[in-house]
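*Asks:* Throughout the sequence shown, residue numbering follows our numbering, covering 170 to 595 in sequence. Yeah, the Cβ is synthetic: ideal placement off N, Cα and C, and Gly gets one too. Being a predicted model, the structure only gives us computed values, none of them experimental.
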Amino acid sequence: MTSRLTQLTESIAGFNADSLRVDIAQQAIANAIQSITQTERVPLKQALGRTLANDITAPINVPSYDNSAMDGYAFSGTDLTQGEIALKIVGKAFAGHPYSQPVQTGECVRIMTGALMPRGCDTVIPQELVAAANAQSITIAADVIKPGSNLRLAGEDLPAGATVLQQGRLLTPSDLGLIASLGIAELDVMRKLRVAFFSTGDELRSIGQPLDEGCVYDSNRYTLHAMLDRAGFDAIDLGVVRDDPVALEQTLRDACRQADAVITTGGVSAGDADHTRDLMGRLGEVLFWKIAMRPGRPMAFGQINADGKSALFFGLPGNPVAVMATFYFFARDALLQLQGTTPVRLPMIQAISTHAIKKRAGRTEYQRGVMTYDAAGIAHVRLTGAQGSGILSSMSEANCMVVLAHDEVDIRAGQPVSAIPFAGLI
Ligand code: AMP
Ligand code: MG
Numbered sequence: 170m171t172s173r174l175t176q177l178t179e180s181i182a183g184f185n186a187d188s189l190r191v192d193i194a195q196q197a198i199a200n201a202i203q204s205i206t207q208t209e210r211v212p213l214k215q216a217l218g219r220t221l222a223n224d225i226t227a228p229i230n231v232p233s234y235d236n237s238a239m240d241g242y243a244f245s246g247t248d249l250t251q252g253e254i255a256l257k258i259v260g261k262a263f264a265g266h267p268y269s270q271p272v273q274t275g276e277c278v279r280i281m282t283g284a285l286m287p288r289g290c291d292t293v294i295p296q297e298l299v300a301a302a303n304a305q306s307i308t309i310a311a312d313v314i315k316p317g318s319n320l321r322l323a324g325e326d327l328p329a330g331a332t333v334l335q336q337g338r339l340l341t342p343s344d345l346g347l348i349a350s351l352g353i354a355e356l357d358v359m360r361k362l363r364v365a366f367f368s369t370g371d372e373l374r375s376i377g378q379p380l381d382e383g384c385v386y387d388s389n390r391y392t393l394h395a396m397l398d399r400a401g402f403d404a405i406d407l408g409v410v411r412d413d414p415v416a417l418e419q420t421l422r423d424a425c426r427q428a429d430a431v432i433t434t435g436g437v438s439a440g441d442a443d444h445t446r447d448l449m450g451r452l453g454e455v456l457f458w459k460i461a462m463r464p465g466r467p468m469a470f471g472q473i474n475a476d477g478k479s480a481l482f483f484g485l486p487g488n489p490v491a492v493m494a495t496f497y498f499f500a501r502d503a504l505l506q507l508q509g510t511t512p513v514r515l516p517m518i519q520a521i522s523t524h525a526i527k528k529r530a531g532r533t534e535y536q537r538g539v540m541t542y543d544a545a546g547i548a549h550v551r552l553t554g555a556q557g558s559g560i561l562s563s564m565s566e567a568n569c570m571v572v573l574a575h576d577e578v579d580i581r582a583g584q585p586v587s588a589i590p591f592a593g594l595i
């Protein structure tokens, strides 16, 4: 039986499950995902990092009135003649305390930043440009100011009716301020995605247990929890599961019942993939891929079902660095898309490689790098020492991921390479 997911992936040009290009795998995943639709209403302060569920349209002009951009004096630009002019001060306008009389020709109003422009005025001269001033009048020298200067027009930030922010956006601090400037107190956001995860492996011990011979502490669950948390998802930790089909099936069903997506680590490499494949065949539709990338070659992707519920499934490799690379370059965007978030392209910087780097064409490599800036502000990058996919300390030492594209070959010292800074990502 050729199922929906298989058809979907096979319809993609260049699809090859045994050596899948990173970009093609990413596209196949993107094509397979249908976003959740549930939303919830939250107070503005709680909306940071949440996904906007509807476009925000300005109900009012921002600013809602013409006002002064400077501390100075407001007057009519038609008073400006060729030579020096004198204007009589007839009152004061402060932010929140308007001057409500019309201003006549030959008159001006002492005005502060943000104050409503008095009627009859369209120009503000900053106080430091005034030639002379006393309590009654000011003098303006010739050619120091143009009519219309230092005026902030109603609606110049946002005109009423304009679409201010688009649905799908991850809300930032400036967005919250912008929404507040429209007088909006609550907004609809997508509900948080629930992501269940667990580690697999008979050799894994949890923190607090004795480390038996031949065992390792489970670190993946901690990295995964942190990555999910940072990305704004509700992370559901289902612990460590032994390499036992019955226990695995039970935990997968349990995960599927409570979550929108399930992530496992371990058990997808060549030796294990066969058992896992049988198990997944019973639970849903999961494709086992060998991605043309390093680290992170084996990966499973699909959908599992239990009790009439289904969940997106990511079977990540077991090696700790491979977990992080496959999470960041596959799962993260997919989960954001599932949550209804418009994925944002990660910033990529061109940095000069301080050393030669070996690179084989035909796979994408994610190498851990340390980026520094020289006195001229040019970015340079060196690789952290060991780049093995089990060497998690390389991720902590690094501050960026050097991305060597599929077709790229050996890099010479002094050649530019692409790097994704960890700041903002991890
Ligand atoms: P696997 O993909 O299950 O063959 O695991 C590959 C390597 O990653 C093995 O050396 C495992 O011991 C290690 N590994 C797997 N899962 C974890 C984990 N949760 N924490 C730390 N190391 C792990
Ligand atoms: Mg294993």
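Near T178, what residues of its chain come up, given a Cβ to Cβ distance below 7 Å and the 5 sequence neighbours on each side ignored?
*Replies:* Result list for T178: F184, A197, L456, in chain order.
*Asks:* So, with DSSP's three-state summary, where would you put I518?
*Replies:* Note: I518 maps to strand in three-state DSSP.
*Asks:* Mind checking whether T434 and S368 have CB atoms under 8 Å apart?
*Replies:* Result yes, Cβ atoms of T434 and S368 sit closer than 8 Å.
*Asks:* Any idea what DSSP makes of I547, helix, strand or coil?
*Replies:* Coil, per DSSP.
*Asks:* Measure from the alpha carbon of M564 to the alpha carbon of each residue in Q536, D381, A582, Q378, then state which is nearest.
*Replies:* Comparing Cα positions, the closest option is Q536.
*Asks:* Starting from I193, trace the alpha helix (DSSP H) in both directions and tell me its first and last residue.
*Replies:* Start and end: 191 to 201.
*Asks:* Determine the direct distance from the alpha carbon of Y234 to that of A216, and round the result to whole angstroms.
*Replies:* Straight-line Cα distance between these residues: approximately 28 Å.
*Asks:* Do you know offhand how far R173's Cα is from A475's?
*Replies:* Each residue's alpha carbon lies about 18 Å from the other.
*Asks:* Between F483 and A500, which are expected to be in contact by the criterion C-beta below 8 Å, what is the C-beta distance as a whole number of angstroms?
*Replies:* With a Cβ gap of about 5 Å, F483 and A500 count as contacting.
*Asks:* Going by beta carbon distance, what residues of the same chain come within less than 8 Å of M517, once the five residues before and after it are set aside?
*Replies:* Same-chain partners within the cutoff: V572, S587, A588, I589.
*Asks:* Does the Cβ-Cβ distance between I521 and G583 come in under 8 Å?
*Replies:* The answer is yes: Cβ separation under 8 Å.
*Asks:* Can you tell me where the beta strand (DSSP E) with M239 in it begins and where it stops?
*Replies:* It is not in any beta strand (DSSP E) - M239 carries neither H nor E in the DSSP assignment.
*Asks:* Taking DSSP as the reference, what is the three-state secondary structure of Y268?
*Replies:* In the structure shown, Y268 sits in coil (DSSP, three-state: anything other than H, G, I, E or B).
*Asks:* Name the one or two DSSP bridge partners that N474 has.
*Replies:* The partner list for N474 (beta bridge, DSSP) reads S479.
*Asks:* Buried or exposed, going by whether 16 or more other CB atoms sit within 10 Å of the CB of D344?
*Replies:* D344 comes out buried.
*Asks:* Could you please give me the residues that DSSP links to S306 through a beta bridge?
*Replies:* The partner list for S306 (beta bridge, DSSP) reads K257.
*Asks:* Which same chain residues end up closer than 7 Å to S306 when comparing Cβ atoms and leaving out the 5 residues on each side of it in sequence?
*Replies:* Correct list, in chain order: A255, L256, K257, I258.
*Asks:* Can you tell which of L351, F498, D447 has the C-alpha that lies nearest to the C-alpha of R466?
*Replies:* The shortest Cα separation from R466 among L351, F498, D447 belongs to F498.
*Asks:* Restricting to Cα atoms, I'd like to know which of A503, E209, G283, P342 is closest to Q195.
*Replies:* The residue with the shortest Cα to Cα distance from Q195 is A503.
*Asks:* Three-state secondary structure (DSSP) at L339?
*Replies:* Three-state DSSP puts L339 in a strand.
*Asks:* Run through DSSP, which three-state label would C569 get?
*Replies:* C569: strand per DSSP, three-state reduction.
*Asks:* For L485, which option in G370, P342, H524, R321 has the closest C-alpha, if you only look at C-alpha atoms?
*Replies:* Comparing Cα-Cα distances from L485 to each of G370, P342, H524, R321, the minimum goes to G370.
*Asks:* Distance check for L339 and T226, CA to CA, integer angstroms please.
*Replies:* Cα to Cα, the separation comes out at about 16 Å.
*Asks:* If contact is defined by three or more beta carbon pairs under 8 Å, each pair taking one atom from either stretch, is the stretch 381 to 398 in contact with the stretch 413 to 430?
*Replies:* No, they do not touch.
*Asks:* Can you name the start and end residues of the beta strand (DSSP E) that C277 belongs to?
*Replies:* 276 to 280 is the span of the beta strand (DSSP E), which, as asked, contains C277.
*Asks:* What number of angstroms, rounded off, separates the C-alpha of I294 from the C-alpha of N319?
*Replies:* Between I294 and N319, the C-alpha separation is close to 7 Å.
*Asks:* Quick one: what does DSSP say V358 is sitting in, helix, strand or coil?
*Replies:* Note: V358 maps to strand in three-state DSSP.
*Asks:* Determine the contact status of G275 and D240, defining contact as a CB-CB distance below 8 Å.
*Replies:* Cβ atoms of G275 and D240: not closer than 8 Å.
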